[in-house]
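Counting from 1 along the sequence shown, just add 86 to a position and that's the residue number in the working numbering.
Where a beta carbon is used, it is the ideal one built from N, C-alpha and C, also for glycine.
Read through the structure below, which is laid out as structure tokens, and then see the notes.
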Amino acid sequence: MAPIPRLREYVGPALLSYGFRPFFLLGSIYAGLAILAWLPMFYGELEIATLFSHRDWHIHEMLYGYLPAVVTGFLLTAIPNWTGRLPLQGKPLLVLVAAWILGRVAVTGSAWIGWLPAATIDLSFLLLVAGAAGREIIVGRNWRNLKVLVVLGLLLGGNAMFHLEAHLYGASDYGVRLGIAATILLVMLVGGRIVPSFTRNWLARENPGRLPASFGRFDIASMICAGAALLAWIAVPEAPTTGAALFVAGVLQAVRLARWAGYRTWRDPLVLILHVAYAFVPLGFMLLGLASLGFGSATAGIHAWTGGAVGTMTLAVMSRASLAHTGRPLAASRAVQAFYALVVLAALARICASLHPAWSLGLLHVAGLAWAGAFLGFALAYWRVLTQPRLGH
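Shown next, in the form of structure tokens:
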């Protein structure tokens with residue numbers, strides 16, 4: 087039997103030949119620009135025509151703007167591998183890209199068009215992505231990855247709740263926590279697959295010895311505990327029982343990470359950065375757990391998750407997947423290693439700004455500029471990778 091072709095015959099811009107190309111590029115550019123806009127907004131030096139408060143615009147556009155773009159790029163690239171079906175290309179892909187761009191314009195200009203039209207336009211993107219992903223997974227009978235649709239559904243529900251809360255009460259609360267929890271769940275699901283897998287492959291080839299532990303009962307138990315802690319955090323974030331559950335979940339996730347032998351990957355930055363990114367998951371659980379018990383700041387834990395785990399993991403995945411799917415060697419250049427260092431610096435500076443308010447002014451600028459440098463630097467360095475045809479074609 088002839089193998090299923092990985093790509094159909096395609097004539098058009100290379101940017102629209104595979105889902106990761108436009109969404110990794112646009113998502114990284116937006117991640118950098120949105121933070122550069124957020125800093126003057128935070129200090130009252132810039133106003134935009136949004137109905138959201140400055141805080142809510144920042145949270146929304148990071149959580150439901152840049153992140154869904156990167157997630158979509160990842161899913162549109164991974165699903166053909168999971169199902170053996172052909173990837174989305176050309177006009178259908180352009181429709182998704184246009185829906186994402188319109189969402190960003192609608193949210194930022196919601197004072198001109200009203201909250202309901204802005205919410206409708208914004209929500210249409212995740213609806214389209216869920217529909218496209220669901221169709222491919224179901225038609226391809228790839229039932230084990232239906233859980234991805236659950237996470238997309240949680241993001242969609244959180245986004246809808248965010249818009250509704252902001253309209254009714256002037257600020258979002260549950261919509262923020264639901265979106266963050268869904269995102270961390272996705273990091274744990276995807277990270278639990280790719281971090282030990284890529285680590286095992288590299289160690290088996292380059293550094294024989296101890297390998298990552300195989301997925302087993304401990305992983306299942308740690309995920310169940312984390313899921314329960316996240317549900318409690320969404321519902322009653324300040325309850326002592328929630329704090330205890332979060333802290334225990336953080337310890338279990340730290341043990342899970344330690345079982346993946348990350349300390350043996352220091353010679354390959356593309357693999358090592360995945361472990362560094364995942365380390366922010368247990369850190370976020372523990373910081374939030376301590377905050378719920380009356381020690382420290384919840385904002386520190388939230389930014390360990392968002393700036394640390396999500397920011398570092400998305401940059402790590404984008405840089406690796408872009409090389410792999412364009413026929414380039416899997417090697418982190420010095421520039422890429424600098425971007426990794428910047429995004430980790432941004433996360434640590436933002437966490438420290440929450441823990442030490444007296445230093446927050448300088449640390450917030452360090453965090454913002456380092457974040458922007460990491461993502462805009464990635465977009466510049468990978469521009470040709472993402473916009474030019476695959477090597478050998």
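Would you mind reading off the limits of the alpha helix (DSSP H) that contains residue 300? Residue 300 -> no alpha helix (DSSP H), and no H or E assigned at all.
For residue 418, name the three-state secondary structure that DSSP assigns. coil
Alpha carbons only, please: which of 337, 169 and 208 is nearest the one belonging to residue 230? 169
Sufficient close CB pairs (3 or more, under 8 Å) joining the stretch 142-157 to the stretch 186-195: yes
Cβ neighbours of residue 108 in the same chain (closer than 6 Å, five flanking residues each side left out): 101 and 183
Spatial neighbours of residue 150 within its chain, please: C-beta separation below 6 Å, excluding the five flanking residues on both sides. 245.
Residues in its own chain within less than 8 Å of residue 178 by CB, not counting five upstream and five downstream? 218
Could you pull out every residue in the same chain whose Cβ sits closer than 6 Å to the Cβ of residue 118, ignoring the five residues on either side in sequence? 458, 461 and 462
Relative to the C-alpha of residue 35, which candidate in 220, 191, 228 and 377 has its C-alpha closest? The structure shown has nothing for residue 35, since the chain only spans 87 to 479.
Rounded to whole angstroms, what is the Cα-Cα separation between residue 222 and residue 167? 11 Å
Can you list, in chain order, the residues of its chain whose CB lies under 7 Å from that of residue 320, leaving out five sequence neighbours each side? 260, 263, 264 and 267
Are the CB atoms of residue 318 and residue 331 nearer to each other than 8 Å? yes
Note the first and the last residue of the continuous alpha helix (DSSP H) segment covering residue 364. Following the DSSP letters along the chain, one finds residue 364 inside the alpha helix (DSSP H) bounded by residues 355-378.
Considering Cα atoms alone, identify which of 351, 401, 234 and 281 is closest to residue 425. 401
Can you give the beta carbon distance from residue 396 to residue 237, rounded, assuming they're within the 8 Å contact cut? Actually they are not in contact, since the Cβ atoms of residue 396 and residue 237 sit about 13 Å apart, beyond 8 Å.
Looking only at its chain, what residues have a beta carbon closer than 6 Å to the beta carbon of residue 299, apart from the 5 residues adjacent to it on each side? 345
With distances taken between CB atoms, is the gap from residue 106 to residue 411 smaller than 8 Å? yes
Straight-line CA distance for residue 375 to residue 440? So the two alpha carbons sit approximately 15 Å from each other.
Are the CB atoms of residue 136 and residue 196 within a distance shorter than 8 Å? Yes. Within cutoff.
Hey, out of 337, 250, 131 and 253, whose CA is closest to residue 305's CA? 337
In whole angstroms, give me the CA-to-CA distance for residue 131 and residue 334. Across the structure, residue 131 and residue 334 are spaced so that their CA atoms are roughly 42 Å apart.
Can you name the start and end residues of the alpha helix (DSSP H) that residue 391 belongs to? It is not in any alpha helix (DSSP H) - residue 391 carries neither H nor E in the DSSP assignment.
Cβ neighbour criterion (16 or more within 10 Å) applied to residue 143: Buried, by the Cβ-count rule.
What separation, rounded to the nearest whole angstrom, lies between the Cα atoms of residue 381 and residue 291? Taken atom to atom, the span from the alpha-carbon of residue 381 to that of residue 291 is near 45 Å.
Distance, residue 234 Cα to residue 367 Cα: When rounded, the separation of the alpha-carbon atoms in residue 367 and residue 234 is 19 Å.
Looking only at its own chain, which residues have a Cβ that is under 6 Å from the Cβ of residue 370, when we skip the five neighbours before and after it? 387, 390 and 391
Please identify the residue among 311, 281 and 347 whose C-alpha is closest to the C-alpha of residue 294. 347
For the alpha helix (DSSP H) holding residue 266, just list the boundary residues, first then last. 260-292
What are the boundary residues of the alpha helix (DSSP H) that residue 198 is part of? 196-199
Taking only three categories from DSSP, how would you classify residue 257? coil
Does the Cβ of residue 232 have 16 or more other Cβ atoms within 10 Å, making it buried, or fewer, making it exposed? exposed
Relative to the alpha-carbon of residue 394, which residue among 409, 418, 373 and 407 has its alpha-carbon at the smallest distance? If we check each option's Cα against that of residue 394, 373 comes out closest.
Quick one: residues in its chain with C-beta nearer than 6 Å to the C-beta of residue 359, no 5 flanking neighbours on either side, listed in chain order? Contacts found: 402 and 426.
Leaving out the 5 sequence neighbours to the left and right, which residues in its chain are closer than 6 Å to residue 340 when beta-carbon positions are compared? 368
Residue 415, buried or exposed, once every other Cβ within 10 Å from all chains shown has been counted against 16: exposed
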